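Chemist: I'd like to ask some things about the structure below.
Protein chains: 2
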Amino acid sequence: MTDGPNENRDAPKEDISSPNVKLEEIARAAGVSPSTVSRILNGSARVLPEKQRAVEEAIARFNYRPNVLARSLASGRTATIGVLTQAVSSPFYAEWLRGIEESLYEPGFTPIFVSSRWNLDDEKARLEELIARRVEGVILLHAQLDEPSLAEYARHAPMLVLGRSLHNGPALAGLPIDNLKGARDATRHLIEEGHREIAFIAGPSSHEDAIERLDGYRIALEEAGIGFDAGLVEQGDYLETGGLAAMERLMARRPTFSAVFCANDQTAYGARLAMFRRGVRVPEDISLVGFDDLPTSSYMTPPLTTVRQPTFEIGRLAAQGIVQMIRKQSISLSPVPLTLVTRETTRRIAPPASSGAQPG
Amino acid sequence: MTDGPNENRDAPKEDISSPNVKLEEIARAAGVSPSTVSRILNGSARVLPEKQRAVEEAIARFNYRPNVLARSLASGRTATIGVLTQAVSSPFYAEWLRGIEESLYEPGFTPIFVSSRWNLDDEKARLEELIARRVEGVILLHAQLDEPSLAEYARHAPMLVLGRSLHNGPALAGLPIDNLKGARDATRHLIEEGHREIAFIAGPSSHEDAIERLDGYRIALEEAGIGFDAGLVEQGDYLETGGLAAMERLMARRPTFSAVFCANDQTAYGARLAMFRRGVRVPEDISLVGFDDLPTSSYMTPPLTTVRQPTFEIGRLAAQGIVQMIRKQSISLSPVPLTLVTRETTRRIAPPASSGAQPG
DNA sequence: TTGTAAGCGTTATCAG
DNA sequence: CTGATAACGCTTACAA
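Order-wise, the sequence lines are chains A and B.
Residues in the first sequence are numbered from 1 upward in steps of one, following the UniProt record's numbering.
Residues in the second sequence are numbered from 1 upward in steps of one, following the UniProt record's numbering.
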């Protein structure tokens with residue numbers, strides 16, 4: 001069945017597929033209307049098998065690939081989800097991203113990653129760009145914006161904030177992470193191992209989770225009847241350099257302590273180096289505990305005892321959560337529990353003589 | 001100057017900005033035509049100051065944000081650049097991404113990150129998605145596709161491949177990284193320090209750079225008159241686990257060696273742990289050298305001697321390169337040189353008695 | 001089941 | 001300098 005008079009002679013080498021073929025050309029080549037091609041593309045209606053075949057053949061021959069922009073504009077759906085991270089290159093966020101990405105592909109969404117570099121203005125700017133891109137939902141990894149502002153942005157697309165507790169609603173929700181309990185468990189472990197003087201290198205006080213971790217440390221101490229001693233706390237910045245400097249200050253000040261609990265693993269890396277430089281052995285002289293369980297922490301020398309965040313799992317939860325929100329399904333987000341991973345940077349020590357510690 | 005009869009009474013609380021305002025509404029509110037609004041938005045023509053002001057005021061009041069999709073469809077420009085990475089969560093790629101992202105914002109492009117998980121089919125799929133999104137250019141971090149396939153994809157948008165040497169043209173170019181020289185330098189350093197039996201833990205043989213690193217190691221050995229000994233080479237996989245296993249095999253086989261050169265830092269982390277488990281001291285018993293200089297390598301215990309890749313800089317080069325290609329400007333990409341960073345996992349040893357080594 | 005035609009929200013070409 | 005008006009490439013009623 002031939003179409004027109006010279007239809008076949010006209011395009012001798014059409015399989016060379018010009019860079020950007022359009023739906024209309026496929027329709028023409030297959031001898032059907034544009035709508036039919038569209039239907040086949042979207043499976044939105046049944047089409048006669050022969051036309052189906054003709055269209056598919058044309059698509060393959062021309063190497064046709066629908067223009068996502070046009071498609072989204074026409075349909076009103078972009079099938080994209082914005083993922084705002086504070087720093088793409090942070091080893092910590094990397095795992096979250098992986099969990100998010102993997103779980104997003106299945107329901108058919110494409111993540112668009114942007115990063116705000118721990119900067120509030122950047123955070124706003126990136127968020128607006130995502131909205132301008134008409135993402136259908138947004139996952140924020142540690143937003144700095146306050147709740148009212150988030151709610152305002154959430155009017156455009158549902159948002160899920162990781163590591164934050166919010167008044168959850170259909171458009172804005174937070175997936176809190178139980179940092180306090182994690183820090184308390186880690187500190188308790190140290191106490192159970194006989195440590196009484198435990199130093200702490202804190203994270204930036206502007207971070208909610210850093211504060212929670214400090215609180216967990218303090219509470220464990222108080223619960224054990226040891227009491228919080230501000231003299232054992234040094235300020236870090238969640239980075240290796242900060243941990244190194246803080247540990248140096250701590251050692252220079254010479255308070256007595258047998259263990260150091262760091263607000264995150266990167267801080268612990270820095271502290272570890274400071275001790276190595278001074279010839280302080282871990283864990284023989286000082287026990288060390290981190291927080292996060294970064295992939296490399298189990299390869300430290302010795303392997304680091306730390307609080308594990310199920311990062312990949314958190315990513316999955318976030319991805320599933322935002323998809324449900326987009327689908328207007330209600331979701332319930334319970335705080336993610338963290339678990340202590342006991343490795344080799346902590347050791348039991350004999351408690352110094354008697355003290356007021358209670359049994360059990 | 002009033003517009004219509006009840007224009008003002010009609011919208012009492014329009015500043016509540018409905019989720020998605022469109023250009024047309026701004027035009028109406030400002031009393032101008034859509035084209036004028038568009039002109040102001042793009043600065044594509046001069047407009048009377050008063051209209052300019054009226055429009056800007058309306059934009060602010062309605063909190064209007066142009067629809068990127070519509071804009072791109074109409075203009076044919078998306079101002080996006082696809083960045084295909086093998087693994088978003090790899091600590092190695094993270095730094096490249098940062099360099100790329102930072103240098104892309106300035107020329108006004110937005111990166112779209114996707115990852116192919118070291119899988120060829122995924123690589124193709126992600127690339128097609130990027131093309132369907134009409135990105136204006138693509139940066140690939142270690143493509144697995146062969147050159148003809150890359151060239152085919154490059155017909156849609158210019159592509160720049162990091163870590164690969166290609167026949168550079170206007171649409172497809174590679175930014176090679178001098179892995180061979182880096183590996184040779186590292187091996188030479190070990191030789192200069194007196195080591196003669198140097199083991200090597202290789203990367204996956206499917207990776208071009210892994211092969212180059214092995215070659216560099218071999219060449220340095222041969223140049224020094226030591227000769228390559230396959231018995232000193234173990235297979236790794238660029239991951240910590242592979243390094244750990246390889247080192248264990250190596251130690252179990254008991255060939256004599258005083259140093260181990262690992263194809264990348266992650267491998268070295270694994271090897272380090274294997275040695276720690278066996279009580280083998282670094283560098284007193286065995287010297288260790290890595291490759292890449294990941295951010296945490298300088299915080300290892302002891303800090304790792306390794307070959308530094310100027311990752312952030314490479315990211316910059318890539319970003320600038322792809323932008324130039326998009327602008328049809330010619331670019332010249334010279335191989336990126338790597339430098340050895342001598343830290344504390346290597347030590348000088350007394351060469352065992354005499355040997356055929358030449359002076360100098 | 002299939003085709004026609006009217007958008008989707010902007011930009012861009014032309015007159016004026 | 002500004003306003004109609006026609007694209008941009010696809011989806012989607014509405015008819016047939």
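For every residue, glycine included, the Cβ atom is placed at its ideal position computed from N, Cα and C.
Model, not experiment: these values are computed from the prediction.
If you check the beta carbons only, do ASP59 (chain A) and VAL83 (chain A) fall under 8 Å apart?
Modeler: In the first sequence, residue 59 (chain A) corresponds to position 59, counting from 1. In the first sequence, residue 83 (chain A) corresponds to position 83, counting from 1. According to the sequence provided, residue 59 (chain A) is Ile. The question's Asp does not apply to it. Contact: no.
Chemist: Name, please, each residue of chain A whose Cβ falls closer than 7 Å to the Cβ of TYR269 (chain B).
Modeler: For the purposes of this step, residue 269 (chain B) is taken as residue 269 along the second sequence, with counting starting at 1. THR296, TYR299, listed in chain order.
Chemist: Using a Cβ-Cβ cut-off of 8 Å, state whether THR305 (chain A) counts as contacting chain B.
Modeler: One-based indexing of the first sequence puts residue 305 (chain A) at position 305. THR305 (chain A) does not count as touching chain B.
Chemist: To the nearest angstrom, how far is the alpha carbon of LEU140 (chain A) from that of GLU95 (chain B)?
Modeler: The sequence position of residue 140 (chain A) within the first sequence is 140, counting from 1. The sequence position of residue 95 (chain B) within the second sequence is 95, counting from 1. So the alpha carbons of these two residues sit roughly 21 Å apart.
Chemist: Work out the CA separation of LEU190 (chain A) and ASP293 (chain A) for me, nearest whole Å.
Modeler: Sequence index remark: in the first sequence, residue 293 (chain A) carries index 293 (1-based). Sequence index remark: in the first sequence, residue 190 (chain A) carries index 190 (1-based). Looking at the two C-alpha atoms, the distance is approximately 17 Å.
Chemist: Restricting to Cα atoms, I'd like to know which of B:GLY163, B:ARG164, B:GLY169 is closest to ALA151 (chain B).
Modeler: For the purposes of this step, residue 151 (chain B) is taken as residue 151 along the second sequence, with counting starting at 1. The option with the nearest alpha carbon to ALA151 (chain B) is B:GLY169.
Chemist: Assuming GLY243 (chain A) and GLN266 (chain A) are in contact, meaning their beta carbons sit under 8 Å apart, how far apart are those beta carbons, in whole angstroms?
Modeler: Reading the first sequence from its first residue, position 243 is the one you call residue 243 (chain A). Reading the first sequence from its first residue, position 266 is the one you call residue 266 (chain A). Going by Cβ atoms, the distance from GLY243 (chain A) to GLN266 (chain A) rounds to 7 Å, so yes, they are a contact pair.
Chemist: Assuming contact is defined by CB atoms lying nearer than 8 Å, are ALA186 (chain B) and LEU250 (chain B) in contact in what I supplied?
Modeler: Within the second sequence, numbered from 1, the residue matching residue 186 (chain B) stands at position 186. Within the second sequence, numbered from 1, the residue matching residue 250 (chain B) stands at position 250. Contact: no.
Chemist: So within the stretch 255-308 of chain B, which uninterrupted beta strand (DSSP E) runs reach at least 3 residues, ignoring any that extend past its ends?
Modeler: 259-262, 287-289, 306-308
Chemist: Per DSSP, what are the beta-bridge partners of ALA199 (chain B) in this structure?
Modeler: For the purposes of this step, residue 199 (chain B) is taken as residue 199 along the second sequence, with counting starting at 1. ALA199 (chain B) is bridged to B:VAL260.
Chemist: If VAL88 (chain A) sits next to PHE113 (chain A), beta carbons under 8 Å apart, how far is it from one beta carbon to the other, in whole angstroms?
Modeler: Reading the first sequence from its first residue, position 88 is the one you call residue 88 (chain A). Reading the first sequence from its first residue, position 113 is the one you call residue 113 (chain A). Right, their Cβ atoms sit about 7 Å apart.
Chemist: With 8 Å set as the bound, which would you pick, yes or no: does the beta-carbon of VAL37 (chain A) sit closer than that to a beta-carbon of chain B?
Modeler: Here the question's residue 37 (chain A) lines up with position 37 in the first sequence. Output row for VAL37 (chain A): interface = no.
Chemist: Let me confirm a value: GLN329 (chain B) is counted as buried when at least 16 other C-beta atoms fall within 10 Å, else exposed. Which label applies?
Modeler: Taking the second sequence and counting its residues from 1, the one referred to as residue 329 (chain B) is at position 329. Under this definition GLN329 (chain B) is an exposed residue.
Chemist: How about the stretch 63-73 of chain A and the stretch 119-128 of chain A: do they share at least three Cβ pairs that are nearer than 8 Å?
Modeler: no
Chemist: Which residues in chain B have a C-beta closer than 7 Å to the C-beta of ARG308 (chain A)? List them in chain order.
Modeler: Here residue 308 (chain A) refers to the residue found at position 308 of the first sequence. Neighbours of ARG308 (chain A) on chain B: none; closest Cβ ~16 Å, over 7 Å.
Chemist: Return the CA-CA distance between THR78 (chain B) and PRO111 (chain B), expressed in angstroms with no decimal places.
Modeler: Locating residue 78 (chain B) in the second sequence gives position 78, where the first residue counts as 1. Locating residue 111 (chain B) in the second sequence gives position 111, where the first residue counts as 1. Rounded to whole angstroms, THR78 (chain B) to PRO111 (chain B) spans 11 Å at the Cα level.
Chemist: Does the stretch 42-58 of chain A come into contact with the stretch 293-308 of chain A, if we say contact requires no fewer than three beta-carbon pairs (one atom in each stretch) closer than 8 Å?
Modeler: no
Chemist: Determine, using beta carbons only, whether PRO335 (chain B) and PRO148 (chain B) come nearer to each other than 8 Å.
Modeler: Numbered from its first residue, the second sequence carries residue 335 (chain B) at position 335. Numbered from its first residue, the second sequence carries residue 148 (chain B) at position 148. Not in contact: PRO335 (chain B) and PRO148 (chain B) (Cβ atoms no closer than 8 Å).
Chemist: I need the DSSP call for PRO49 (chain B), collapsed to helix, strand or coil.
Modeler: Within the second sequence, numbered from 1, the residue matching residue 49 (chain B) stands at position 49. Here PRO49 (chain B) sits in helix by DSSP.
Chemist: How many Å lie between residue 379 (chain A) and LEU304 (chain A) at the Cα?
Modeler: Here chain A comprises residues numbered 1 to 360, so residue 379 (chain A) is not present and cannot be evaluated.
Chemist: Using 8 Å as the cut-off, can you tell me whether the stretch 195-209 of chain B makes contact with the stretch 257-273 of chain B, which would need three or more C-beta pairs spanning the two stretches below that distance?
Modeler: yes
Chemist: For LEU180 (chain B), which residues from the same chain have a beta carbon less than 8 Å from its beta carbon, with the 5 sequence-adjacent residues on both sides left out?
Modeler: Within the second sequence, numbered from 1, the residue matching residue 180 (chain B) stands at position 180. The answer, listed in chain order, is GLU212, ARG213, ASP215, GLY216, ILE219.
Chemist: To the nearest angstrom, how far is it from the Cα of PRO310 (chain A) to the Cα of HIS195 (chain B)?
Modeler: The residue you call residue 310 (chain A) lines up with position 310 of the first sequence. The residue you call residue 195 (chain B) lines up with position 195 of the second sequence. Straight across, the Cα-Cα distance linking PRO310 (chain A) with HIS195 (chain B) is about 43 Å.
Chemist: Can a CB atom of chain B be found closer than 8 Å to the CB of THR110 (chain A)?
Modeler: Taking the first residue of the first sequence as 1, we reach residue 110 (chain A) at position 110. By this cut-off, THR110 (chain A) is an interface position.
Chemist: DSSP three-state label for GLN86 (chain B), please.
Modeler: Along the second sequence, one-based indexing puts residue 86 (chain B) at 86. In the structure shown, GLN86 (chain B) adopts coil according to DSSP, grouped into three states.
Chemist: I'd like to know if ALA70 (chain B) contacts chain A, where contact means its C-beta is closer than 8 Å to some C-beta of that chain.
Modeler: Residue numbering aside, residue 70 (chain B) sits at position 70 when the second sequence is read from its first letter. Interface residue, yes.
Chemist: How far does the alpha helix (DSSP H) with VAL135 (chain B) in it extend, from its first residue to its last?
Modeler: Residue mapping note: residue 135 (chain B) aligns to position 135 of the second sequence, counting from 1. Counting along the chain, VAL135 (chain B) falls outside any alpha helix (DSSP H), and DSSP gives it neither H nor E.
Chemist: Taking just the CA atoms, how far does GLY137 (chain B) sit from ARG327 (chain B)?
Modeler: Within the second sequence, the letter at position 327 stands for residue 327 (chain B). Within the second sequence, the letter at position 137 stands for residue 137 (chain B). Rounded to the nearest angstrom, the two C-alpha atoms are 10 Å apart.
Chemist: Residues bridged to PHE109 (chain B) by DSSP?
Modeler: Counting from one through the second sequence, the residue named residue 109 (chain B) turns up at place 109. PHE109 (chain B) pairs with nothing; no bridge assigned.
Chemist: So the candidates are B:PHE257, B:GLU284, B:GLY236; which of them puts its Cα closest to the Cα of TYR269 (chain B)?
Modeler: By 1-based counting over the second sequence, the position of residue 269 (chain B) is 269. Closest option to TYR269 (chain B), Cα to Cα, is B:GLY236.
Chemist: Can you list, in chain order, the residues of its chain with a C-beta nearer than 8 Å to that of ARG348 (chain B)? Leave out the 5 residues immediately preceding and following it.
Modeler: The sequence position of residue 348 (chain B) within the second sequence is 348, counting from 1. Cβ within range, chain order: GLU193, GLY194.
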